[in-house]
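Residue numbers (this note's numbering), protein chains in the order written: chain A, 535 to 867; chain B, 837 to 1084.
Below, the structure written as structure tokens:
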């Protein structure tokens, strides 16, 4: 037991050192940009996974909270001169509040109907922001004024600070997940995901638990929204509420391992790296070839390991490092 | 003796089907009562009505002096009424221990307390050897044991067991009977829905017989077995006067 925990700490420290040193060693802006994207989507995946993974409430509308976070901080910054650091928290709170009525509506439905309803909520929000031009610049969107290097306004000339911010966000998301997973709430979430009626029968207040985890998940997703628009200096409804954000959030978790701490991270690293590499190898050739290859890889992975790739890694780790007798491996698996 | 549960004039329709009609019965504290009847008689529906999974159209359910109609299932569980399901519904992906801990968290949110309580409940039902197995790998009787342990971990005063013996072989039925008796000795009030007559005769002191949603008889096992209406409901009118139902 001790040995296992010790080696866990060791691996984690090693990973931390590598991640902290990475932007100092890698100078290519292109590479750092990819790292930032990976960390950002891993974070969104972690936020999604709390509700979609552990409680199996398959939301395909997390773009709603991403967008609300992005718009809240941008409006506060441009119209009121408030720092996006504060706007980020405000955006999280707005998303949390928005998750209450959205949840009240969507949680009446289960399974695929829930997923469809959540898609609709993100789309409705996008339409609202497209129409209300006085208040949020409508379809043209707006650029975020570039103040040069201004850490208090979350603006930096180098890419590295963005990298550290989003790395910090990911660590926060993972820490929250870790805490929840080990508490009563983690058990309740998994129980709801397995069988909501049976969970109710042993005293789980399923509607309340789902509402609470949805609020946490929405809050975290909104932080990512603020970060993203600060990073790209631009916002419009199509960027902020893009359906692909919702899909990506679910996809990285599903590919990596739904309802596991590291699943979304593993999933993002694999998907984003594959996508970036394919883009650079095949992107200049026939149009769209890289997307086809990407899709084929995705289909293969999901058919081969429907429970996520995390299992492959733990199996491989056990096989290489601890090499238990075959019988025991089967038991643990 | 104090009444643990009083059901009064309970009725539930599903469209044109009267699943439960004007059902009344009561259960004393620390008593084991069986609810029997042919398939479709309304036994499971009665359980759903009592535990809040369905809302009755009419009637009242009073548990330990308090009206519980209209409460949600988790509130009813928190109030001390725990149930199992006709088809066992374990949390398949969780281990046995995690399943039972989920029940134990109702009374105490601290993981170490919940774990200790879960150990105890698992030991009580005789499942300690499989504590770390995923619930979906359990055999039928072990799934039933798990459901009982999970319900027990919520510290109920009244336990509703829905056909815990269904699908078990004779040897397993004996084990299940012993377990129900052990639960009763622990001071629990038990309502059991069951088809296995041998089990009912062994555990229940009082039997309520349902047919087509209505109560047709009630009394001690001996009275019920000799009741003409009960014989007619189970075996048809041709058997009245001659039959002594054994295994149904």
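For each residue, glycine too, the CB sits at the ideal point set by N, CA and C.
Supposed close pair residue i, residue j - CB separation, criterion 8 Å
| i | j | result |
| --- | --- | --- |
| residue 846 of chain B | residue 916 of chain B | That belief does not hold up - the Cβ atoms of residue 846 of chain B and residue 916 of chain B are roughly 19 Å apart, past 8 Å. |
| residue 986 of chain B | residue 1055 of chain B | Actually they are not in contact, since the Cβ atoms of residue 986 of chain B and residue 1055 of chain B sit about 33 Å apart, beyond 8 Å. |
| residue 752 of chain A | residue 632 of chain A | 7 Å |
| residue 887 of chain B | residue 919 of chain B | 5 Å |
| residue 855 of chain B | residue 878 of chain B | 5 Å |
| residue 701 of chain A | residue 573 of chain A | 6 Å |
| residue 571 of chain A | residue 693 of chain A | Going by Cβ atoms, the distance from residue 571 of chain A to residue 693 of chain A rounds to 11 Å, so no, they are not a contact pair. |
| residue 682 of chain A | residue 674 of chain A | Residue 682 of chain A to residue 674 of chain A, Cβ: 24 Å. No contact. |
For residue i, three-class secondary structure by DSSP
| i | result |
| --- | --- |
| residue 808 of chain A | helix |
| residue 902 of chain B | strand |
| residue 1030 of chain B | coil |
| residue 894 of chain B | strand |
| residue 861 of chain B | strand |
| residue 560 of chain A | coil |
| residue 848 of chain B | strand |
| residue 854 of chain A | helix |
| residue 869 of chain A | Examination of residue 869 of chain A is not possible in this model, given that chain A is present from 535 through 867 alone. |
| residue 1011 of chain B | helix |
| residue 997 of chain B | strand |
| residue 587 of chain A | helix |
| residue 991 of chain B | coil |
| residue 1054 of chain B | strand |
| residue 736 of chain A | coil |
| residue 838 of chain B | coil |
| residue 683 of chain A | coil |
| residue 711 of chain A | helix |
CB contact below 8 Å: residue i versus chain A
| i | result |
| --- | --- |
| residue 1103 of chain B | Residue numbering for chain B in the displayed model covers 837 to 1084; residue 1103 of chain B lies beyond these limits and cannot be assessed. |
| residue 990 of chain B | yes |
| residue 910 of chain B | yes |
| residue 945 of chain B | yes |
| residue 1079 of chain B | Reliability of the predicted coordinates at residue 1079 of chain B is poor, the pLDDT of 47 falling under 50, and the value obtained from them is presented with this limitation in mind. Taking Cβ atoms only, chain A never reaches closer than 8 Å to residue 1079 of chain B, which makes this a no. |
| residue 925 of chain B | yes |
| residue 984 of chain B | no |
| residue 939 of chain B | yes |
| residue 976 of chain B | no |
| residue 891 of chain B | no |
| residue 987 of chain B | yes |
| residue 887 of chain B | yes |
| residue 1023 of chain B | no |
| residue 1037 of chain B | no |
| residue 950 of chain B | yes |
| residue 954 of chain B | no |
| residue 1068 of chain B | no |
| residue 919 of chain B | yes |
| residue 929 of chain B | yes |
| residue 957 of chain B | no |
| residue 934 of chain B | yes |
| residue 914 of chain B | yes |
| residue 1085 of chain B | Past the edges of chain B, shown from 837 to 1084, lies residue 1085 of chain B, and the structure says nothing about it. |
For residue i, the first and last residue of its enclosing beta strand (DSSP E)
| i | result |
| --- | --- |
| residue 849 of chain A | Where residue 849 of chain A is concerned, there is no enclosing beta strand (DSSP E), although the alpha helix (DSSP H) it sits in stretches over 844 to 851. |
| residue 761 of chain A | Premise fails: residue 761 of chain A lies in the alpha helix (DSSP H), 740 to 766, not in any beta strand (DSSP E). |
| residue 650 of chain A | Where residue 650 of chain A is concerned, there is no enclosing beta strand (DSSP E), although the alpha helix (DSSP H) it sits in stretches over 646 to 665. |
| residue 966 of chain B | Per DSSP, residue 966 of chain B belongs to no beta strand (DSSP E) and is neither H nor E. |
| residue 689 of chain A | Per DSSP, residue 689 of chain A belongs to no beta strand (DSSP E) and is neither H nor E. |
is_contact[residue i, chain B] using C-beta, thresh 8 Å
| i | result |
| --- | --- |
| residue 716 of chain A | yes |
| residue 544 of chain A | no |
Delimiting residues of the alpha helix (DSSP H) encompassing residue i
| i | result |
| --- | --- |
| residue 945 of chain B | Per DSSP, residue 945 of chain B belongs to no alpha helix (DSSP H) and is neither H nor E. |
| residue 1042 of chain B | Premise fails: residue 1042 of chain B lies in the beta strand (DSSP E), 1042 to 1047, not in any alpha helix (DSSP H). |
| residue 973 of chain B | Where residue 973 of chain B is concerned, there is no enclosing alpha helix (DSSP H), given that its DSSP letter is neither H nor E. |
| residue 835 of chain A | 823 to 838 |
| residue 1068 of chain B | 1064 to 1071 |
| residue 634 of chain A | 618 to 640 |
| residue 726 of chain A | 718 to 728 |
| residue 781 of chain A | 777 to 790 |
| residue 610 of chain A | 597 to 614 |
| residue 774 of chain A | 771 to 774 |
Residue i CB to nearest heavy atom of the ligand ZN below 7 Å
| i | result |
| --- | --- |
| residue 815 of chain A | Ligands in the displayed structure: none, and consequently the ligand ZN is not present. |
At a Cβ cut of 7 Å, what residues of the region 840 to 858 of chain A count as close to chain B, listed as they run along the chain?
-> none
Got a sec: which bits of the region 721 to 740 of chain A sit with their beta carbon under 9 Å from any beta carbon on chain B, in order along the chain?
-> 721, 722, 724, 725, 727, 728, 729, 731, 732, 733, 734, 735, 736, 737, 738, 739 and 740
Chain A contacts made by the region 998 to 1014 of chain B, where a contact means CB separation under 9 Å | none
In the region 868 to 881 of chain B, which residues sit with their C-beta less than 8 Å from some C-beta in chain A, listed in chain order?
-> none
Return the residues of the region 1038 to 1059 of chain B that lie within a Cβ-Cβ distance of less than 8 Å from chain A, sorted by chain order.
-> none
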